[in-house]
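Colleague: Structure provided below as structure tokens; questions to follow.
In UniProt numbering, the protein residues as written are 1 to 480.
Here it is as structure tokens:
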């Protein structure tokens, strides 16, 4: 017991007993000088905890609370501590007078006289049944979560991560050790504004379930789409104790939906235009009223549109190849950027193709070498084929993104630039009737980049032209 500054020892003793009587936990005092260490004092909290009246408790050893499912190990631990006259804390199953079981956290403290002799044992008894039930439920939940295919994370009421499952580690690149103690904002991609996160927080702190689709970023900077559900967990008092978030990776689903939507709108629009042109010129030729020069012009127009339709067919095949289910988009391959630039210089001899490559980025590891090269091929081809300058100028720049596991490869040209409508369509990630970009090439670059876990950024070049930037993860450079 704590010493109290009171010259009246009897008054001090009465104050001590009053404090123990009103304590919110069970308190006992046992006398080791008597046979079987009987209880000589119990407070009201102990009577309420066990259901026994005081007159049925005093004089007994505390073992009367034990039952058939009380394990021997904690009992033996208490017995050994008493024999060694040492303090001890154990957790064990005890039973109330009505036979109901409760988990009891028992702490025994030896009280010594001035001569060092143990005169009493002070016991604290705390009902931890709810805590044990929570631990059991949490253990069961974690056991299920460990096997779950969806990413699961648990945070405290302040949003600090306490647990993540293996699926979370696989999806985000963060290990459980790296994620614990941090905030889920480590996954922010920058593609949701602060209003989005404010609404999220206001919803879950109001004890409501939050559901949304959002774009996240992995530890290595890769973009991925998830369908998220956050459930507040409350205790018996209605206070929030945890938030459980479940995230389903829907990146492929989003890309597939976007592909089908864009293909439907863009290809239908382009094919309809080509067919209208062909039909119009066919009618003129059929009428037989054109002079030789005009007739030749109509034939040339038909051939041009036929070539355009053929190109659309080829692009459709390319898009289908992107979604080839046999393609391993997670495999890594080494690529020498300098050699790639030399290939372009030979392929397009009439263009002025230059490069600026950081020394450490000459030879890099890229995810799915085939798709990566296809994305860069599309950018270089567009920079040249749509260029209105002689000669077309193309500059390829490769550099590591500071403080990250990503690199940036940009293709800049001196052409007319990319129309604002087409750029907006890519930035918004969708085609709409009112925002109707027509370049399927840009969409192919966007889909390829997203499939590779990267991001496509389009800006203006100075003094004219456009810059297409691929921001992609890398597995290392120069033999790393």
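Where is the CB? At the ideal position from N, CA and C, for every residue including glycine.
1. Is the CB-CB distance between residue 269 and residue 473 below 8 Å?
2. What are the start and end residues of the beta strand (DSSP E) that includes residue 481?
3. Could you spell out the range, first to last residue, of the alpha helix (DSSP H) harbouring residue 169?
4. If you follow the beta strand (DSSP E) that residue 123 is part of, which residue opens it and which one closes it?
5. Out of curiosity, what's the CA-to-CA distance linking residue 410 and residue 401?
6. Cutting at 8 Å between CB atoms, please list the residues of its own chain near residue 24, excluding the five before and the five after it.
7. Quick check: what's the CA-CA separation for residue 228 versus residue 152?
8. Mind checking residue 112: buried by the 16 CB within 10 Å criterion, or exposed?
9. Whose C-beta lies closer than 6 Å to the C-beta of residue 108 among residues of the same chain, with five residues either side of it excluded?
10. Would you list the residues sitting across from residue 243 in a DSSP beta bridge?
11. How long is the line joining the alpha carbons of residue 180 and residue 255, rounded to whole angstroms?
12. Which residues in the same chain as residue 230 place their Cβ atom closer than 6 Å to its Cβ, once the five residues preceding and following it in sequence are excluded?
13. Does the segment 269-281 come close enough to the segment 295-302 that 3 or more CB-CB pairs lie under 8 Å?
14. Cutting at 7 Å between CB atoms, please list the residues of its own chain near residue 54, excluding the five before and the five after it.
15. So the beta strand (DSSP E) residue 356 belongs to, where does it begin and stop?
16. What is the DSSP secondary structure of residue 344, counted as helix, strand or coil?
17. Decide yes or no for the touch test of the segment 357-368 against the segment 334-349: beta carbon pairs closer than 8 Å, at least 3 of them.
18. Compute the distance between the beta-carbons of residue 154 and residue 207, then report whether it is under 8 Å.
19. Using the three-state DSSP reduction, which class does residue 433 fall into: helix, strand or coil?
20. Drop a sphere of 10 angstroms on the beta-carbon of residue 466, count the other beta-carbons inside from all chains shown, and report buried for 16 or more, exposed for fewer.
21. Please name the residue, chosen from 374, 68, 35 and 416, that lies closest to residue 388 on a Cα-to-Cα basis.
22. According to DSSP, simplified to helix, strand and coil, what is residue 273?
23. Count the other CB atoms within 10 Å of the CB of residue 478; is the residue buried (16 or more) or exposed (fewer)?
24. Comparing C-alpha positions only, which one of 138, 196, 146 and 56 sits nearest to residue 213?
25. Would you call residue 185 buried or exposed, if buried means 16 or more other Cβ atoms sit within 10 Å of its Cβ?
26. What is the C-beta distance between residue 375 and residue 470, in whole angstroms, given that I count them as a contact (C-beta under 8 Å)?
27. With DSSP run on the structure shown, which of helix, strand or coil describes residue 52?
28. Which same chain residues, not among the five before or five after residue 460, have their C-beta less than 8 Å away from its C-beta?
29. Residue 253: buried (16+ other C-beta within 10 angstroms of its C-beta) or exposed?
30. Taking C-alpha atoms, which residue in 312, 236, 238 and 445 lies nearest to residue 272?
31. Is residue 458 closer than 8 Å to residue 426 when the C-beta atoms are compared?
32. Taking DSSP's pairing of strands, which residues face residue 26 in a bridge?
33. Am I right that residue 70 and residue 103 are in contact with their C-beta atoms under 8 Å? What's the rounded C-beta distance?
34. Return the first residue and the last residue of the beta strand (DSSP E) that residue 391 is part of.
35. For residue 67, does the count of other Cβ atoms within 10 angstroms reach 16, so buried, or fall short, so exposed?
Modeller: In terms of the structure at hand:
1. no
2. With the chain covering 1 to 480 only, the question about residue 481 has no answer from this structure.
3. From DSSP, the alpha helix (DSSP H) with residue 169 extends over 166-172.
4. 118-127
5. 12 Å
6. 45
7. 10 Å
8. Counting of Cβ neighbours within 10 angstroms places residue 112 among the exposed residues, the total staying below 16.
9. 88, 121 and 123
10. 155 and 232
11. Approximately 31 Å between the Cα atoms of the pair.
12. 204, 210, 243 and 245
13. yes
14. Excluding sequence neighbours, residue 54 sits near 42 and 47.
15. 352-357
16. helix
17. yes
18. no
19. Reliability of the predicted coordinates at residue 433 is poor, the pLDDT of 45 falling under 50, and no value is obtained from them.
20. Counting C-beta atoms within 10 angstroms of its own C-beta, residue 466 has 16 or more neighbours from the protein chains shown and is therefore classed as buried.
21. 416
22. helix
23. Only weak support is given to the placement of residue 478: the predicted model assigns it a pLDDT of 45, under 50, and the value that follows is read from those uncertain coordinates. The residue in question, residue 478, is exposed, as its Cβ has fewer than 16 Cβ neighbours within 10 Å.
24. 196
25. exposed
26. 6 Å
27. coil
28. Here the set comprises 417, 466 and 467.
29. exposed
30. Of 312, 236, 238 and 445, the residue nearest in Cα terms is 312.
31. yes
32. 125
33. 11 Å between Cβ atoms; not a contact.
34. Neither: residue 391 is in no beta strand (DSSP E) and is coded neither H nor E.
35. exposed
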